[in-house]
Amino acid sequence: MSSGSSVTMTSQEAASLAAQHNLRRVDQTGTIRSYLRECWTLRHFTWNYAVSRTILETVQNRLGLLWQVLNPLMLSGVYYLAFGLLLGTKSDSKDFLVFLVGGVFTWQCLASTIQQSSMVLAQTTDITDSLLFPRILLPLAVAIQEFLGALAAGVVMYPIALFYGLTPTWSWLLLPFSFLAASLFGVSVGFFTSRWVNAVHDLRQFIPLLLRVGMFLSGVFYDVSTRFRNAPDPIRVLAEYNPAAILLKLTRAVFLDYELPSTQQLLWIATLTVLLFVAGFLTFWRSERRNG
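Following my numbering, the numbering of the sequence shown begins with 3 at its first residue and continues without gaps.
See the structure below:
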């Protein structure tokens, strides 16, 4: 039975007790090691959240997961007519249909990862305000979701390639790694844009516009090397070292007798992805606030 009296602690006593049990203030960030450990501990939450987002999007549409395939296929059809036939980019590849579909699927994976991860913090305040967990897991979950969607959609590339008369090779098995590279680069960018959009919601209006500009500059429906061959050197180098253009080139080389990205290009995209990923992770760690 309580005596009715209260027991109080001094701030020093409370701090000492918290230190003994590895507790910290809700507005303080722990060490990188503890942050990494917490992310790893909650890896199942990240996976389940990615799967739940996929299921939610599926049940909201009558055709469900078919839209993962139909959407890029319909875009490929439009681009084939508008750019391949009307503007003549079909001459950029003798296997233009596979060339185009590979570009569209890879771009969809990259762009969707960037766009969805950019919005995820601003769209999940109900979760971040009520649960304590590393917020970086949210864009990571989006990247997993988009990667799984790209894998499901990418399956259709195999019958398209066979229908087009291409001979299967071992390189066809590398398609998932191409999508993985696109997802990793996309979420590395998303680490930054998600924080920016969460801080200034108006920025979300610019993300689709910037992605649309990026699509036109990345060679989704034309060959960058062909179209920029006679451009001034600075412009040609910028076009050929465009990260998205390199990722598209990787996918196309899986199916087609298509030149792989050069060693310099591969080193550039790998280095850029690692630097952005690490810098984005540190940005989340430093700005992490347990009250959301």
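Cβ atoms here follow ideal geometry from the backbone N, Cα and C, with glycine treated the same way.
Contact defined as beta carbons within less than 8 Å: I believe residue i pairs with residue j. What is the distance between those atoms, to the nearest angstrom?
| i | j | result |
| --- | --- | --- |
| residue 181 | residue 130 | Rounded, the Cβ-Cβ distance is 28 Å, inconsistent with contact. |
| residue 151 | residue 70 | 5 Å |
| residue 110 | residue 74 | 5 Å |
Is the beta carbon of residue i less than 7 Å from the beta carbon of residue j?
| i | j | result |
| --- | --- | --- |
| residue 41 | residue 136 | yes |
| residue 227 | residue 244 | no |
| residue 282 | residue 246 | no |
| residue 94 | residue 258 | no |
| residue 190 | residue 278 | yes |
| residue 173 | residue 256 | yes |
| residue 1 | residue 213 | Outside the displayed range of the chain (3 to 294) lies residue 1, so it cannot be described from this structure. |
| residue 105 | residue 250 | yes |
| residue 223 | residue 81 | yes |
| residue 116 | residue 192 | yes |
| residue 149 | residue 254 | no |
| residue 120 | residue 195 | yes |
| residue 198 | residue 37 | no |
| residue 48 | residue 123 | no |
Specify, as a first and last residue, the run of the alpha helix (DSSP H) that residue i falls within.
| i | result |
| --- | --- |
| residue 151 | 139 to 156 |
| residue 282 | 265 to 289 |
| residue 37 | 34 to 43 |
| residue 164 | 159 to 165 |
Any Cβ of chain C within less than 7 Å of the Cβ of residue i?
| i | result |
| --- | --- |
| residue 187 | Note that chain C does not occur in the displayed structure, where there is just one protein chain. |
* To do: Inspect the CB distances between the stretch 216 to 235 and the stretch 151 to 158 and report whether three or more fall short of 8 Å.
  => Touching, no, given that fewer than three Cβ pairs across the two stretches are closer than 8 Å.
* Quick one: any contact between the stretch 135 to 147 and the stretch 183 to 194, if contact means 3 or more CB pairs under 8 Å? -> Yes, they touch.
* Give, in chain order, every unbroken run of the alpha helix (DSSP H) that is at least 4 residues long and sits entirely within the stretch 200 to 257. => 209 to 219, 226 to 229, 235 to 242, 245 to 257
* To do: Report the residue ranges of all alpha helix (DSSP H) runs contained in full by the stretch 70 to 142; include only those spanning at least 4 residues, in chain order.
  => With a minimum length of 4 residues, the continuous alpha helix (DSSP H) runs that stay inside the stretch 70 to 142 are 98 to 125, 127 to 130.
* Asked: Are the stretch 162 to 175 and the stretch 199 to 206 touching by the rule of at least three beta carbon pairs closer than 8 Å?
  -> no
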